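What follows is a set of notes on a single structure, which appears directly below.
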Amino acid sequence: MDFKHKNHLVSSYLTLQKQIKEISNTICEGRSPTGVSASLTPLPKNLQDAIMDYLKKVSELFEQLVKRYAVNELDNMTKKEPVSATIMWTSILLRQLQETVSDVHPKVFERKFGKLDPEERAYITDIIDQIIKELTDALKLV
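1 is the number of the first residue of the sequence shown in my numbering; add one for each residue after it.
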């Protein structure tokens, strides 16, 4: 098995782990996989346990496969990055959050969807400006 095979094996394993966690969050906690829709009703405990038992076995078997053929690659891909990487990602995510919020600012909002009532415009502008200031201040920390 060459490095491409090993890297794909590890990448698939990490994706599988993420998907299992998403399934667990959905069936046990009622979190929607979309992250934005209404909460779901968790499955009954006995059904949760039964599904999670299967998924635990799936995870163990796939881990066995990865550890046999790509243990070094797995170790390298699961090492923690330095705090500088966390700071970089935090900065990126905060900027993305600013963009999301800025999209609701009346300057943008009205261009896309039409005029707001003056009262709505003033209130939304005030709130969005406050949020953007908070995010700008948070960005100064990173």
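C-beta atoms are modelled at their ideal positions from N, C-alpha and C, and glycine is treated no differently. Predicted model only: the values in this text are computed from it and were never measured.
Okay, do the region 4-18 and the region 54-73 touch, 3+ Cβ pairs below 8 Å being the bar?
yes
With distance defined between alpha-carbon atoms, name the residue in S84, Q98, T34 nearest to E134.
Q98
With distance defined between alpha-carbon atoms, name the residue in I127, T86, Y123 nearest to L139.
T86
How do the region 120-136 and the region 92-107 stand: do at least 3 beta-carbon pairs fall below 8 Å, yes or no?
yes
Go ahead and pull the three-state DSSP assignment for M1.
coil
Answer with buried or exposed for I92, where buried requires no fewer than 16 other C-beta atoms within 10 angstroms of its C-beta.
exposed
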